[in-house]
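Protein chains in written order, with our numbering: chain A, 33 to 324; chain B, 262 to 506. No residue lacks a Cβ here, since even glycine has one placed at the ideal position from N, Cα and C. Nothing here was measured: the structure is a model prediction, and the numbers come from that model. Scroll down for the structure; my scribbles are underneath it.
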Amino acid sequence: MSRLHHAADGSEGLGELLAGRALGDLSLEEAGMLRESEGDEAAIEFEAALGATYLAFAGSLSGSEFEGRAGAASPGSPERVPDQVVHRLHRLADAFVASWEAAPSGASRMSLDRRDRPPVSVARRSVRLSWAVAAASLLLGGLGWVVAMRPVGSPAPGGPVPGQVLRQVAARPDAVTIPWADWSDGTVAPEVTGVTGEVVWSDQAQTGVMRLAGLPHLPGSVYQLWIIDAERGMSQRVSGAIFTAGDKETWVTIEPRLRIAKAAAFAVTIEQPGGTWVSDMSRRVVIAPRPG
Amino acid sequence: MALALNVSVIGGDLERGVAGRRSTAYHAIAPRGAVSVEATSRPQDLSAATTERIERVPQTLLERVGSGDSAAVRECIDRFSGLIWSLARRAGMNASEAEDSVQEIFVEIWKSAGRYRPEIASETAFVATIARRRLIDARRRTSRRPAGQALGEHDTPAPPISDRAEVTQEASRAARALEQLSAEQRRVLRLSVFEGLSHEKIATATGLPLGTVKTHARRGLIRIRAMLGAEGPPEVERGSKEVAP
Chain A
33 MSRLHHAADG SEGLGELLAG RALGDLSLEE AGMLRESEGD EAAIEFEAAL GATYLAFAGS
93 LSGSEFEGRA GAASPGSPER VPDQVVHRLH RLADAFVASW EAAPSGASRM SLDRRDRPPV
153 SVARRSVRLS WAVAAASLLL GGLGWVVAMR PVGSPAPGGP VPGQVLRQVA ARPDAVTIPW
213 ADWSDGTVAP EVTGVTGEVV WSDQAQTGVM RLAGLPHLPG SVYQLWIIDA ERGMSQRVSG
273 AIFTAGDKET WVTIEPRLRI AKAAAFAVTI EQPGGTWVSD MSRRVVIAPR PG
Chain B
262 MALALNVSVI GGDLERGVAG RRSTAYHAIA PRGAVSVEAT SRPQDLSAAT TERIERVPQT
322 LLERVGSGDS AAVRECIDRF SGLIWSLARR AGMNASEAED SVQEIFVEIW KSAGRYRPEI
382 ASETAFVATI ARRRLIDARR RTSRRPAGQA LGEHDTPAPP ISDRAEVTQE ASRAARALEQ
442 LSAEQRRVLR LSVFEGLSHE KIATATGLPL GTVKTHARRG LIRIRAMLGA EGPPEVERGS
502 KEVAP
């Protein structure tokens with residue numbers, strides 16, 4: 033029996049935190065309260081309950097709800113997977129297995145810092161690429177489509193991890209916590225909505241941590257954090273991080289390349305892989321203006 | 262403003278840098294219309310606990326994928342494609358969107374298979390958890406919600422979600438657990454777990470205070486987990502179980 037059974041009997045607070053983690057609604061403070069000992073086994077149990085609950089709801093749709101969502105389907109039977117979808121899935125499986133073979137023997141997951149490998153622009157097409165070309169490119173190393181970037185929350189070799197930075201920042205008397213809000217000023221609508229979380233920042237420490245929940249994966253794009261300095265203004269915003277979305281929550285260390293006199297706001301945009309030096313801010317996500 | 266955090270116990274996920282898991286730095290990103298497949302080695306970077314589990318003969322399909330069995334990667338398609346396609350369509354996706362999502366979900370299943378623990382969860386629940394996350398993500402990208410559909414006066418049930426016994430069994434177990442919750446808790450859980458709405462949006466939709474929404478969601482999931490756990494761990498699935506027509 034897992035620790036969770038004991039925890040559920042004796043510690044309502046722990047169970048709520050674990051449930052919150054599965055649901056993706058932990059606050060920064062709550063995430064900090066979960067210790068390393070509340071590990072994979074408990075998390076898997078809650079995730080399994082979440083998955084089973086999802087199945088129950090999906091299976092309980094009424095006939096009219098199903099028609100409205102899935103369109104016409106064979107009455108009385110599950111909707112059949114189209115043959116071409118199955119065919120493409122098998123080719124995807126071939127490419128996935130081939131990527132196992134293509135990796136260096138004995139190598140664990142590669143860790144590439146974007147400073148070591150320059151980004152390669154990704155051609156954007158509106159036409160679906162054939163799987164034969166996709167699989168061949170992977171076998172050849174996929175260099176035409178390879179983008180190396182700093183992984184979500186993972187430090188560059190020797191760099192700080194969010195937990196360590198959060199500890200540093202929290203100790204500063206000037207530390208501020210600012211919640212994210214949908215970035216909409218009436219002229220440009222946010223491209224992604226419903227993202228929650230907060231930024232923790234210290235002008236003294238010149239660093240911070242941000243948490244984002246509900247951030248969708250965006251194949252072919254990255255998220256970029258901009259810091260608006262009260263002294264420089266929006267026109268001279270400073271890049272603070274480039275990242276991709278985590279599975280449930282995204283934690284990123286903020287490391288501006290220039291000194292920030294006083295951070296007035298933090299903003300997240302969507303950019304091409306590798307980020308950009310100058311963003312037109314057209315693809316907006318969230319903003320966290322400093323109060324006062 | 263000083264932060265009121267118990268920083269002395271921060272650790273675990275944040276210390277690893279990613280909440281929940283280590284992310285992979287190396288991406289192969291294909292143009293839109295194809296799915297990114299990360300080049301990885303066969304699962305070798307394993308924790309001691311994982312190594313101990315895999316030293317016994319992998320018995321379930323996902324364990325076999327996690328141990329590097331190429332045939333198992335393909336068998337996953339036969340086992341799970343029907344369910345995942347059904348879930349994608351029930352999430353309100355058209356056929357093209359559903360295909361994109363199904364591909365993304367399979368890649369994540371294959372990558373995550375090494376985490377699967379048969380003594381804790383069924384393969385169906387594991388797959389459904391991954392599918393849910395990806396489908397909600399996809400819905401947020403398109404900012405589209407399934408069209409509201411007025412219930413007919415004599416509404417009939419939708420077709421079954423799958424013709425595989427293990428899927429209907431898993432769904433039934435959870436449905437029985439949901440029946441034990443209050444109607445308000447069920448409603449909040451449906452909006453959170455199935456529709457993927459934030460607590461703020463659920464509060465707006467239901468008129469409930471935000472704190473109540475959060476409590477309903479969490480405690481509802483806690484009760485469901487407890488009820489599913491009380492039924493005992495799921496039986497290890499060693500083969501397909503077809504429902505007789």
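* Asked: Is it true that the CB of T282(A) sits closer than 7 angstroms to the CB of L244(A)?
  -> yes
* Could you list the residues in the stretch 295 to 311 of chain A with a C-beta less than 8 angstroms from some C-beta on chain B, going in chain order? => P305
* Asked: So which residues of chain B does L93(A) contact, with C-beta pairs closer than 7 angstroms?
  -> R351, A419
* To do: Could you tell me the boundaries of the alpha helix (DSSP H) in which A339(B) lies?
  => Position check: residue 339(B) holds Asp in this sequence, whereas Ala was assumed. Segment 331 to 351, the alpha helix (DSSP H) holding D339(B).
* **Short Cβ contact (7 angstroms threshold) for A386(B) with L348(B)** => no
* To the nearest angstrom, how far is it from the Cα of I271(B) to the Cα of L49(A)? -> Reliability of the predicted coordinates at I271(B) is poor, the pLDDT of 29 falling under 50, and the value obtained from them is presented with this limitation in mind. Those two C-alpha atoms are separated by around 14 angstroms.
* Put E263(A) into one of helix, strand or coil per three-state DSSP. => coil
* 7 angstroms Cβ cutoff, F455(B) in contact with chain A -> yes
* Asked: Is any beta-carbon of chain A found at less than 7 angstroms from that of S342(B)?
  -> yes
* **Coarse secondary structure for V300(A), derived from DSSP in three states** => strand
* State the DSSP-derived secondary structure class of L290(A), mapped to helix, strand or coil. => coil
* Asked: Which stretch, first to last residue, makes up the beta strand (DSSP E) that contains S234(A)?
  -> 228 to 234
* To do: Taking the CB atoms as reference points, tell me whether A333(B) and R340(B) lie closer together than 7 angstroms.
  => no
* Presumed contact (8 angstroms Cβ cut-off) between S342(B) and V118(A), rounded CB distance -> 6 angstroms
* Return no unless some Cβ of chain B is closer than 7 angstroms to the Cβ of T219(A). => no
* When you compare each of R322(A), W309(A), F298(A) to R316(A) by their alpha carbons, which one comes out closest? -> F298(A)
* Asked: Can you tell me whether DSSP reads R499(B) as helix, strand or coil?
  -> With a pLDDT of 44 at R499(B), under the threshold of 50, the modelled position of that residue is not reliable, and no figure is offered here.
* Asked: Can you tell me the Cα-Cα spacing of L198(A) and V284(A), whole angstroms?
  -> 10 angstroms
* Nearest to E360(B) by alpha carbon, out of A399(B), L322(B), R376(B), C337(B)? -> A399(B)
* To do: For the alpha helix (DSSP H) holding P211(A), just list the boundary residues, first then last.
  => It is not in any alpha helix (DSSP H) - P211(A) instead sits in the beta strand (DSSP E) that spans 208 to 211.
* Asked: Taking the C-alpha atoms as reference points, what is the distance between E59(A) and W132(A)?
  -> What sits at residue 59(A) in the sequence shown is Ser, not Glu. Rounded to whole angstroms, S59(A) to W132(A) spans 38 angstroms at the Cα level.
* Asked: Between E223(A), S314(A), R291(A), G240(A), which lies nearest to P194(A) when the distance is taken from Cα to Cα?
  -> G240(A)
* Asked: Per DSSP, which one or two residues make a beta bridge with V241(A)?
  -> V232(A), T285(A)
* Asked: Would R380(B) count as contacting chain A if we go by Cβ distances under 7 angstroms?
  -> This sequence places Glu at residue 380(B); Arg is not what is there. No, its Cβ sits nowhere closer than 7 angstroms to a Cβ of chain A.
* For I319(A), which beta-bridge partners are listed by DSSP? -> A213(A), A299(A)
* From the DSSP output, which residues share a beta bridge with Y255(A)? -> F275(A), I302(A)
* **Per-residue burial, Q364(B) [other beta carbons within 10 Å of its own, 16 or more giving buried]** => buried
* Asked: CA-CA distance, P222(A) and T321(B)?
  -> 44 angstroms
* Asked: Going by other Cβ atoms of all chains shown within 10 Å of its Cβ, with 16 needed for buried, is A438(B) buried or exposed?
  -> buried
* Three-state secondary structure (DSSP) of V117(A) -> helix
* L439(B) lies in the alpha helix (DSSP H); which residues open and close that run? -> 426 to 440
* Asked: Quick one: what does DSSP say S423(B) is sitting in, helix, strand or coil?
  -> coil
* Asked: Alpha carbon to alpha carbon, how far is S284(B) from G278(A)?
  -> Here S284(B) scores only 31 on pLDDT, less than 50, and its place in the model should not be relied on; the value that follows carries that caveat. Going by the C-alpha atoms only, they are around 8 angstroms apart.
* To do: Name the two residues that bound the continuous alpha helix (DSSP H) containing V449(B).
  => 444 to 450
* To do: Out of L450(B), M354(B), V388(B), P379(B), point me to the one whose CA is closest to G481(B)'s CA.
  => L450(B)
* To do: For R479(B), return the contacting residues in chain A, with the cut-off set at a CB-CB distance below 7 angstroms.
  => E48, A51, G52, L55
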